[in-house]
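Okay, so here's the structure we're looking at.
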Amino acid sequence: MAPLLEVDDLRIHFRTDDGLVRAVDGISFDLERGRTLGIVGESGSGKSVTSLGIMGLHQGTKAEITGHIRLDGEDLVTATPTRVRELRGSKMAMIFQDPLSSLHPYYTVGNQIIEAYRVHNQVSKQVARKHAIDLLGRVGIPTPQSRVDDYPHQFSGGMRQRAMIAMALSCDPELLIADEPTTALDVTVQAQILDLISDLQSEFGSAVIMITHDLGVVAELSDDILVMYAGRMAEYGSAEDIFGRPDHPYTWGLLSSMPRMDREKTTRLVPIPGTPPSLIRVPPGCPFHPRCRYTELVGGRRCETEVPPLREAVTPGHAAACHLTTEQRTRQWADLAAGQVPDDAKPPAADEATGEPEAREPA
Amino acid sequence: MSEQTQTPPVSDTGQVAGRNGDTLLEATDLVRHFPVTRGVVFRRKVGAVRAVDGINLSVTRGQTLGLVGESGCGKTTTGRLLVRLDEPTGGQIVIDGHDVTHLRQGQMRPLRREIQMIFQDPYSSLNPRHTVGGIVGAPFRLQKVKVPGGVKRNVQELLELVGLNPEHYNRYPHEFSGGQRQRIGIARTLALRPKLIVADEPVSALDVSIQAQVINLLEDLQDELGLTYVVIAHDLSVVRHISDRVAVMYLGKIVEIADRDKLYAKPRHPYTVALLSAVPVPEPLSSVTGQRERRQRIRLEGDVPSPLLPPPACRFHTRCWKAQQICRTTEPPLAELIPGHQVACHFPENTPENTPENTPQPA
């Protein structure tokens, strides 16, 4: 069976007065039914633009989209706006980051779910209302019969996110995109919502794309992980590969810069030097090279001039876009995983801070 | 009143590092209630938000106290009280031997040099119309401090100290990225060489890789300048990384306070146990069977109750799986179970008479 979602060389560019913003620049992946893909990256890496692109929410904007997005074989890039509108909500649905600003404050939560349901199904209001109550109950809202008539402000943050999920699920979508669904929530509520999403996924069998900057959240839920940097794919592979045998210096950076609860407390975090690049002036060659510690190992000026292709290394299905050889990567990651701190991340006593700040270009 | 002798800022290094083991800050029975009023002409008090409801804490010179809890637990209010940006309704705050509880603004001013705050949002805490030089030099101007070498030189030294380019003296905040702005805020905080810095969510607005840079910077500065920190954060792994002691807050009360390693290795309060188990771990679970396993996790039901009407007696009893009759009638005092480890619970976890089989079965 063909995968539910095929994204092939997707590029989403925006023409602005300052220049062309290459928000998404050549993304490809497949997603099967019942699987979860995690997309990670820092702010401005293009993860949200990708998800909005899949949902067809760039139509009618200045976005220039090329490539293919096939949902069940049907290309969404070339589809008419009417057709995408039909699919959106019924076959694919999205959960947004901030439930307070994505729910309409003037309508009751129930009415918003009822509306979403009736757009795609020819049913009476009463039937839709029963469905809405049923859904609210399913996502764990207590006494849904009375809460259905509440306004969003009467819900707590976690309950709003549950209501958003109920709305997204109202038409049994085959593809569910969750864009930072728990970022605005506390840890205990986050745990509830993550459990809910994975419960519902096994119940409905939908494919899920989970977009987040939190590696912990991705590890909890994802089967496959796509690491994005500056609108491109840095690394793609199964969750085990990405966390166990990461192959890209950017992924190493992400993993070693976060304090870990499950490890002995290390004395020192290893940050990624510098800041993410502007998407108008993406560095030539490998977009990560100005922040990379290993460009010297590659030799010459390859990292600065040659865009590394996404290559499979050892495991099939696990690919990284980096010029380092497989042996070099294995050795460097082993060192980092063993807790070796690179020279530039040591305390200033050991090496004088260079104090080379990377100011953004004045706007 | 305070003493007026000030160490000249910036010039000396490490002199401030004080005797170890003595208390720099002590808060006793700290209370802050925000009145809730009705009526426009005849204002009457109809209730109070019990944001901080009787907490005791002390911070040892040169150490870091972490303050964790979910949103609405009063941790930010506590921070604002400690630096006296807000006046407590009751209780006492003693900083370095001075009772600052009810000092007026003018009386507080000389003490401001010793207590500073780092704010959460690096975008709204810097005035967009002032240059970096103006922002970082403001403390000298406001405190009318004459510095040897002139303000400009001192500001440039401060910028260098936090890893920024001193030549960026005349730039405006919008020319910098989030992480760099947070560094500017930290430079300003350090200008008068304070003894105590209260950092309210210093890294939560930053990307992971930048987060690590700022955490490392805070640690280096502490080593170099002998600073004392109170770090308020909701991210348990960040708190674990930088704190010496950790206090867990729930609905305006401290429920547990202990040395970091003790708290994270053997949490005693059920709330702490649940909070720690809710943190997503960046380590994927094996999916050999194709079906992702569920991590062992304690699911807390519902949301945090309103601080307007907190539950009587133990405030956690509405969500606690161990709650008994006594929890609804008698408030557990914050008692020292083992030296240095205080818990407010009738049925603490991880105690000899309460072996792990007493811990809840994950849902």
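Here the protein sequences come in this chain order: A and B. Anchor point for the first sequence: position 82 equals 546 in my numbering, and the numbering is continuous, going up by one each time. Anchor point for the second sequence: position 86 equals 87 in my numbering, and the numbering is continuous, going up by one each time. Just so it is clear, CB atoms sit at the ideal spot from N, CA and C, and this is done for glycine as well. Remember, predicted model here, so these are calculated numbers, not experimental data.
Backbone CA spacing between residue i and residue j [nearest angstrom]
i, j, result
"I597/A", "P754/A", "53 Å"
"Q108/B", "T65/B", "27 Å"
"L774/A", "K76/B", "46 Å"
"P340/B", "R62/B", "19 Å"
"F478/A", "I744/A", "10 Å"
"V289/B", "A785/A", "Low per-residue confidence applies at V289/B: pLDDT is 48, beneath 50, and the placement is therefore not dependable, though the value from the model is reported in the following sentence. About 27 Å."
"L228/B", "I216/B", "14 Å"
"A234/B", "D536/A", "44 Å"
"K153/B", "L165/B", "15 Å"
"S210/B", "C328/B", "43 Å"
"T607/A", "A487/A", "43 Å"
"T330/B", "V651/A", "28 Å"
"G583/A", "M697/A", "One point to set straight first is that residue 583/A is Val, not Gly, in the sequence displayed. One C-alpha to the other measures close to 36 Å."
"M250/B", "F317/B", "11 Å"
"E88/B", "L82/B", "6 Å"
"N585/A", "L567/A", "21 Å"
"S554/A", "S720/A", "40 Å"
"L658/A", "V101/B", "44 Å"
"G781/A", "G179/B", "35 Å"
"D481/A", "T525/A", "15 Å"
"G186/B", "S125/B", "11 Å"
"Q292/B", "A630/A", "Below a pLDDT of 50, predicted positions are generally treated as unreliable, and Q292/B, at 49, falls in that range; no measurement from the model is reported."
Whether residue i touches residue j by CB criterion (9 Å)
i, j, result
"P281/B", "S686/A", "no"
"A809/A", "L761/A", "no"
"V53/B", "L276/B", "no"
"E538/A", "L521/A", "no"
"L600/A", "G574/A", "yes"
"I736/A", "L469/A", "no"
"D636/A", "R499/A", "no"
"V746/A", "V504/A", "no"
"E1/B", "P195/B", "Any property of residue 1/B remains undetermined from this structure, which presents chain B solely from 2 to 364."
"R113/B", "T78/B", "no"
"A314/B", "I299/B", "no"
"L26/B", "Q93/B", "no"
"Q343/B", "A213/B", "no"
"I255/B", "N57/B", "yes"
"A671/A", "L639/A", "yes"
Residues near residue i by beta carbon distance below 7 Å, same chain, minus five either side
i, result
"K267/B", "N351"
"T38/B", "R44, R45, K46 and V47"
"M519/A", "R552, M556, M558 and I641"
"A192/B", "P10, V137, P140, F141 and L159"
"E71/B", "H235 and V305"
"P751/A", "Y693, A694, R696 and P741"
"Q415/A", "Residue coverage of chain A in this structure runs from 465 to 827, which leaves residue 415/A outside it and unanswerable."
"P334/B", "A345"
Neighbour list for residue i in chain A, Cβ cutoff strictly below 7 Å
i, result
"I216/B", "L733"
"V239/B", "P723"
"L310/B", "Result: empty, since nearest Cβ-Cβ is about 15 Å, beyond 7 Å."
Within chain B, the residues that residue i reaches when beta carbons sit closer than 7 Å
i, result
"G717/A", "S210"
"A627/A", "Those within 7 Å of A627/A in chain B number zero; the least Cβ separation is about 14 Å."
"S507/A", "D208"
Cβ shell of residue i (< 8 Å), same chain only, five flanking positions each side left out
i, result
"Y170/B", "T132, V133, G134, K153, V156, Q157 and L160"
"P811/A", "R732"
Interface residues of chain B facing residue i [CB-CB closer than 8 Å]
i, result
"Q654/A", "A279 and P281"
"F707/A", "P283, E284 and P285"
"D481/A", "Those do not exist, as D481/A stays about 17 Å from chain B at its closest Cβ, beyond 8 Å."
Chain-ordered chain A contacts of residue i [CB-CB under 8 Å]
i, result
"S125/B", "The premise fails here: S125/B is roughly 17 Å from chain A at the closest Cβ pair, so nothing lies under 8 Å."
"H235/B", "D650 and V651"
"L276/B", "V651 and T652"
"A336/B", "The contacting residues do not exist; A336/B stays about 24 Å from chain A at best."
Neighbourhood of residue i by C-beta distance below 6 Å, restricted to the same chain and skipping five residues each side
i, result
"I476/A", "A487, V488, V513, G517, A527 and I529"
"I706/A", "I689"
"Q183/B", "P123 and V215"
"L143/B", "none"
"R246/B", "L66 and D260"
Per-residue contacts from residue i into chain A (C-beta, under 9 Å)
i, result
"D122/B", "Going along chain A, no residue has its Cβ under 9 Å from D122/B, so there is no contact; the nearest lies around 14 Å."
"R300/B", "T652, A655, Q656 and D659"
"A206/B", "Ordered by position in chain A, no residue passes the 9 Å Cβ test against A206/B, which lies about 10 Å from the chain."
Exercise. Closer than 9 Å, Cβ to Cβ, to anything on chain D: give me those residues from the stretch 665 to 688 of chain A, in chain order.
Key: Of the protein chains in this structure, namely A and B, none is chain D.
Exercise. Ignoring anything shorter than 4 residues or poking outside the stretch 110 to 183 of chain B, list the alpha helix (DSSP H) runs there in chain order.
Key: Counting whole runs of 4 or more residues, the stretch 110 to 183 of chain B contains the alpha helix (DSSP H) stretches 133 to 143 and 152 to 162.
Practice problem: Entirely within the stretch 201 to 285 of chain B and at least 3 residues each: give me those beta strand (DSSP E) ranges in chain order. | Solution: 229 to 234, 246 to 251 and 254 to 260, all fully within the stretch 201 to 285 of chain B.
Practice problem: Note down, one range per segment and in chain order, each alpha helix (DSSP H) of at least 4 residues found wholly within the stretch 312 to 359 of chain B. | Solution: With a minimum length of 4 residues, the unbroken runs of alpha helix (DSSP H) contained wholly in the stretch 312 to 359 of chain B fall at 326 to 330.
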